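2 protein chains.
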Amino acid sequence: MQPASDRSSHDLDPLERQVVAVFVDGVRVLGLPRSIGEIYGLLFISRSPLSLDDLVLRLNISKGSASQGLRLLKSLGAVIEANGSSGGTERRTYYEPAVELKRLVGGFIREQIRPHLESGKTKINQLVARVREVEDAETRKFLSERVDRLGHWMRSGGKILPILQKILGQ
Amino acid sequence: MQPASDRSSHDLDPLERQVVAVFVDGVRVLGLPRSIGEIYGLLFISRSPLSLDDLVLRLNISKGSASQGLRLLKSLGAVIEANGSSGGTERRTYYEPAVELKRLVGGFIREQIRPHLESGKTKINQLVARVREVEDAETRKFLSERVDRLGHWMRSGGKILPILQKILGQ
DNA sequence: AATTTTGTTCAAATTGATTTGAACAATCGG
DNA sequence: CCGATTGTTCAAATCAATTTGAACAAAATT
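Chains A and B are the protein sequences, given in the same order. The first sequence runs 292 to 461 under this note's numbering. The second sequence runs 292 to 461 under this note's numbering.
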């Protein structure tokens, strides 16, 4: 049962609240649900790792939300399990935030962006095929130009990701 | 009353449908509503500019949606009003897509990203102020480190945007 | 083996964002 | 001036995504 500073205070203090708000806002821009921002935000500003129960208690969210939120954050590589420190026979797992921007960006790109680019590529190939079957030459030319452009955008998107990562990796 | 190819066919043909689907998908990643993708998608694959009524008719969306969607797209610089071509006394306005990636990305950054970065900067300054008032030196140091990091992320974000634009500008 | 603790799953409820459609304004043509 | 056309606005309805919470599983403790 960890030394536990004062795990019993429920509500966030003003500073914590404000940090959480920043992350809630941040993740919305990325199209992720609010609970993700809350969980990551609280972990980010907490001095010690927190358990699922801590999150439920302090953020007033359900166990379900916390569990699902942690799962997503783990898949993004944005939180990691703080391994049970000393030899204590501790069953509960505690979580820490990953705080290197590189890691966060990398995880996001891998999980949320790449898959869309992949499936986009496929769809565009289908489009190319369809355009080939258009009768009217003028129209076909026009459509071809547009679809090519679309393909070009995708490729640009793909090329930019590694550059992004390199720059944010410092 | 524009030569009008055959403005009367309601439903999208398979190719149009598929292009629209690609854009609907695309804009979701950007956190924009589906109607935005539909409208832009149809404009993108149409040989001639379309009016609001055309969009309502072909996409089966309400006038309200079309109007609001066009407003957003215009604010992003993603569609432009096709000026009334020949001297015809045409009241209705027709819309064309902007198809240069540079323009699209620029508009999106300006309208959807920058404002968040701005307000984020403000919030972080408030955080810095609050952290200064924390009593315990150890804790203050920790919080300070985290908040600084947050500020650093923001600045990285800000720096990356022009680079993005430059690269996507060709 | 029964009980407690920790965590996951998923159908249903909730919430928040989008879409609708009716009312309205503005402009044109007769 | 009057009716028709084009487009906007916004409250209410709809819809999709998130969150909840009850049921369950697994592991530990008694």
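C-beta: ideal position from N, C-alpha, C; glycine also. Values in this document were obtained by computation on a predicted structure and should not be read as measured data.
Fully enclosed alpha helix (DSSP H) runs of no fewer than 4 residues occupy 325 to 336 of the segment 317 to 348 of chain B, in order along the chain. S366 (chain B) has a beta carbon lying at 9 Å or more from every beta carbon in chain A.
Per DSSP, reduced to three states, the secondary structure at E424 (chain B) is coil, with no helix or strand assignment.
In terms of CA proximity to A389 (chain B), B:S337 leads the group B:S337, B:D304, B:G449. In the structure shown, A373 (chain A) falls within a strand segment according to DSSP collapsed to helix, strand and coil.
The C-beta separation of I352 (chain A) from L343 (chain A) comes to about 10 Å, leaving the pair out of contact by the 8 Å criterion. Taking C-alpha positions only, R362 (chain B) is separated from G368 (chain B) by approximately 10 Å.
A straight line joining the alpha-carbon of S447 (chain B) with that of S366 (chain B) spans about 26 Å. By the criterion of a C-beta distance shorter than 7 Å, L364 (chain B) is surrounded in its chain by I327, I330, Y331, V370, once the five residues flanking it on both sides are discounted. Looking at the DSSP output, E387 (chain A) sits in a beta bridge with A:I371. Using a CB distance cut-off of 9 Å, V390 (chain A) counts as an interface residue toward chain B. A Cβ-Cβ distance of about 7 Å is found for the pair I454 (chain B) and I458 (chain A), placing them in contact under the 8 Å criterion.
Ranked by Cα distance from M445 (chain B), the first of A:F314, A:D302, A:A373, A:L408 is A:F314.
If you check each beta-carbon in the segment 318 to 342 of chain A against every beta-carbon of chain B, the ones closer than 9 Å belong to R319, V320, L321, G322, F335, I336, R338.
Closer than 9 Å to the CB of S435 (chain A) there is not a single CB belonging to chain B. The Cβ of R421 (chain B) sits closer than 9 Å to at least one Cβ of chain A. Taking 9 Å as the cut-off, the Cβ atoms of L333 (chain B) and L434 (chain A) do not count as close.
At a cut-off of 9 Å between beta carbons, L441 (chain A) contacts chain B. L303 (chain B) carries a coil assignment under DSSP once its states are collapsed to helix, strand and coil.
In this chain, the alpha helix (DSSP H) harbouring S366 (chain A) covers 354 to 366. In the structure shown, E381 (chain B) adopts coil according to DSSP, grouped into three states. Per DSSP, the unbroken alpha helix (DSSP H) holding R394 (chain B) starts and ends at 392 to 399.
The shortest CA-to-CA distance from K450 (chain A) to any of A:V422, A:L408, A:R437 is the one to A:L408. Look at G442 (chain B) here: in three-state DSSP terms it is helix. When A:D304, A:R431, A:L441, A:E402 are compared, the shortest CA-CA separation from N416 (chain A) is found for A:L441. Here G322 (chain A) is exposed. Its C-beta has fewer than 16 other C-beta atoms within 10 Å. The residue from B:T413, B:V425, B:E424 with its alpha-carbon nearest to that of A312 (chain A) is B:T413.
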